[in-house]
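Accompanying notes for the structure given below.
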Amino acid sequence: MLFKSCIFLLYFHVSVPVHCETEHVGLASGSESSDQVTETGSSSCGCDALKRDVGVVVGEDVSMHAEDPAEKYSKGANEEMGEHSIEHDIRSKLVLLESSWFFMGTDDPGIPPDGEGPQRRVWVDSVYMEEHEVTNQQFQHFVNQSGYVTEAERFGDSFVFEELLTEELKGTISQAVAAAPWWLPVKGANWSHPEGPGSSISNRLDHPVLHVSWKDAQAYCKWAKRRLPTEAEWEYACRGGLQDRLYPWGNKLLPRGQHYANLWQGDFPTENTGEDGYINSSPVMSFPANGFGLYEMVGNAWEWTADWWTVHHTPEEKRNPTGPASGSDRVKKGGSYMCHKSYCYRYRCAARSQNTPDSSASNLGFRCVADPA
Ligand SMILES: *[C@@H]1O[C@H](CO)[C@@H](O)[C@H](O)[C@H]1NC(C)=O
Ligand SMILES: *[C@@H]1O[C@H](CO)[C@@H](O)[C@H](O)[C@H]1NC(C)=O
Ligand SMILES: [Ca+2]
Ligand SMILES: [Ca+2]
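Just so it is clear: in the sequence shown, position 193 is 193 by full-length UniProt numbering, and no numbers are missing.
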């Protein structure tokens with residue numbers, strides 16, 4: 001049985017389309033390993049008429065550590081960037097991504113209404129990318145130095161996945177998102193208290209910072225003398241030098257039976273087996289790096305990009321595209337630890353989703369890039 005939900009969150013007086021996802025209930029057994037999904041149905045938010053029939057690539061199809069990623073770190077760039085009077089530099093190491101053409105998007109979209117296609121030739125200039133998602137500790141360093149207050153802190157709440165909350169806390173929350181009851185607006189949830197009052201990040205300083213809005217991410221990157229990646233830069237980075245592959249490591253979700261990303265195993269949203277080792281976020285660099293030496297490009301935390309959201313893309317080749325000049329939502333990429341194929345097949349490099357810039361949630365973070373000096 002298939003059905004679909006498009007979720008609109010009421011964030012103050014703004015109606016925020018947070019998810020527009022296909023529910024696929026009653027997966028045939030073995031479908032998880034077949035890498036095939038066919039989605040049909042309709043809804044009110046433009047995500048109707050989903051059809052998909054992706055061929056499976058079998059066999060070992062892994063391209064990781066093609067060469068030692070460490071060779072790609074630019075010592076020079078990392079040191080140079082460190083000069084900007086940021087003492088005790090705990091910003092992420094940067095990995096050099098050489099300028100190149102690559103194929104962005106796909107002609108075989110997993111979720112067509114998301115604007116994953118068409119596949120198009122895109123040039124990106126050389127850029128340095130942080131090797132992992134910005135961590136709680138790094139964000140804490142930024143807050144300590146700058147006194148920055150995040151939007152979730154100013155608003156007084158943020159969205160938390162209900163399975164992470166105690167029954168006691170859940171009992172105090174009446175408002176929920178109709179079509180996505182697993183998202184609860186929790187008063188006092190913020191980056192340093194990810195599940196609200198009583199929770200803390202003290203035992204997850206090396207996890208991605210969460211509950212940060214697009215503006216918060218911008219502020220961190222600016223402070224770090226860096227910036228958010230464009231969607232094109234992010235996708236080029238995700239692909240790790242591979243062409244036409246679903247994931248940063250190839251086409252097979254579980255090469256040699258191994259997990260290459262922190263995703264969801266089990267029946268969403270009620271059963272999370274944590275087969276990959278984590279039911280929540282994981283420490284950064286817990287899973288193998290891609291061919292460029294970048295970690296968790298898919299899974300763990302969704303990552304904000306600089307671009308405004310649109311689902312319309314020209315098939316013509318472009319150089320350093322930056323997305324539309326304006327919009328209401330920003331693009332996020334990579335999926336999160338909450339993504340399961342049955343409802344959020346978005347842990348692919350071509351996949352994309354969006355949120356209003358002031359949105360924050362317990363599965364959304366970011367990383368920055370730096371331009372060559
Ligand atoms: C930030 O400040 C707090 C309180 O002084 C301190 O406990 C924490 O270690 C600091 N974090 C970083 C990353 O400097
Ligand atoms: C962050 O959340 C904690 C716990 O709910 C709360 O006590 C604190 O005031 C919040 N931070 C800010 C700056 O609002
Ligand atoms: Ca997991
Ligand atoms: Ca990620």
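Here a beta-carbon is modelled for each residue, glycine too, at the ideal position from N, C-alpha and C. Predicted, not measured: the structure shown is a model, and the values here were computed from it.
Between which residues of its own chain and D157 is the CB-CB distance below 8 Å, once the five residues before and five after are set aside?
P185, V186, K187, G188, A189
Compute the minimum distance between the beta carbon of P197 and the heavy atoms of ligand 2, and state whether it is under 6 Å.
yes
Measuring from the CB of Q243, is there a heavy atom of ligand 1 at a distance below 6 Å?
no
Going by Cα to Cα distance, which pick from I111, Q145, P208, P197 is closest to N280?
P208
Would you say the beta carbon of H193 is closer than 6 Å to some non-hydrogen atom of ligand 2?
yes
Spatial neighbours of F142 within its chain, please: CB distance less than 6 Å, with the 5 preceding and 5 following residues excluded, ordered by chain position.
Y220, W223
If you measure from the CB of Y337, is any heavy atom of ligand 3 nearer than 6 Å?
yes
Nearest-angstrom Cα distance between V56 and G250?
Residue placement at V56 cannot be trusted, given a pLDDT of 26 that sits under 50; what the coordinates show is reported in the next sentence. Their backbone Cα atoms lie some 11 Å apart in a straight line.
Check whether the Cβ atoms of D244 and T150 sit closer than 7 Å, and answer yes or no.
no
Straight-line gap, D307 to R330 (C-alpha atoms, nearest Å):
6 Å
Got a sec, what are the start and stop residues for the alpha helix (DSSP H) Q265 sits in?
Unbroken run through Q265: none, as it is neither H nor E.
Could you check whether the Cβ of Y278 sits closer than 6 Å to any heavy atom belonging to ligand 3?
yes
Measuring straight from C-alpha to C-alpha, what distance separates E316 and R352?
20 Å
With 16 other Cβ atoms within 10 Å as the buried cut-off, status of R91
buried
Relative to the alpha-carbon of I111, which residue among G335, G299, C368, P229 has its alpha-carbon at the smallest distance?
G335
Can you determine whether any heavy atom of ligand 4 sits closer than 6 Å to the C-beta of G188, and answer yes or no?
no
CB-CB under 6 Å to C349, same chain, minus the five flanking residues each way: which ones, in chain order?
E235, C238, R239
In chain order, which beta strand (DSSP E) runs of at least 3 residues are fully inside the region 107 to 164?
120 to 124, 127 to 130, 157 to 161
Is any heavy atom of ligand 5 found at a distance shorter than 6 Å from the C-beta of N300?
Looking for ligand 5 in the displayed structure turns up nothing; the ligands present are ligand 1, ligand 2, ligand 3 and ligand 4.
Write down every uninterrupted run of the beta strand (DSSP E) in the region 166 to 227 whose length is 3 residues or greater and which is fully enclosed by it, in chain order.
183 to 187
So, with DSSP's three-state summary, where would you put S15?
Annotation note: pLDDT 33 at S15 (below 50); position unreliable, no value reported.
Quick check: does the Cβ of H132 come within less than 6 Å of any heavy atom belonging to ligand 1?
no
Counting beta carbon pairs with one atom in the region 116 to 136 and one in the region 197 to 207, are three or more of them shorter than 8 Å?
yes
Applying the 10 Å Cβ sphere with the 16-neighbour rule, what's the burial state of Q218?
buried
Would the beta-carbon of residue 374 be found less than 6 Å away from any heavy atom of ligand 1?
Outside the shown range of the chain (1 to 373) lies residue 374, about which nothing can therefore be said.
Using 7 Å as the threshold, is the C-beta distance between A289 and Y128 below it?
no
Should Q258 be listed as close to ligand 1, given that the test is whether its C-beta is under 6 Å from any heavy atom?
no
Just to confirm, are T230 and T106 a CB contact at a threshold of 7 Å?
no
Measure how close the beta-carbons of Y337 and Y295 come, nearest whole angstrom, since I'm counting them as under 8 Å.
That belief does not hold up - the Cβ atoms of Y337 and Y295 are roughly 14 Å apart, past 8 Å.
Which same chain residues, not among the five before or five after P109, have their C-beta less than 6 Å away from its C-beta?
E116, G117
Which residue's Cα is closest to the Cα of T172: R121, S326, P197, C368?
P197
S34 (DSSP reduced to helix, strand or coil)
Low per-residue confidence applies at S34: pLDDT is 34, beneath 50, and the placement is therefore not dependable enough to give any value.
Taking 6 Å as the cut-off, is the beta-carbon of E153 closer than that to any non-hydrogen atom of ligand 2?
yes
Just mark E271 as buried or exposed, buried being the case when its beta carbon has 16 or more other beta carbons within 10 Å.
exposed
Closest to residue 404 by C-alpha separation, out of R367, P372, N363, Q145, would be which residue?
For residue 404 there is no data in the structure shown, the boundaries of the chain being 1 and 373.
Let me know the secondary structure DSSP gives A361 once reduced to three states.
strand
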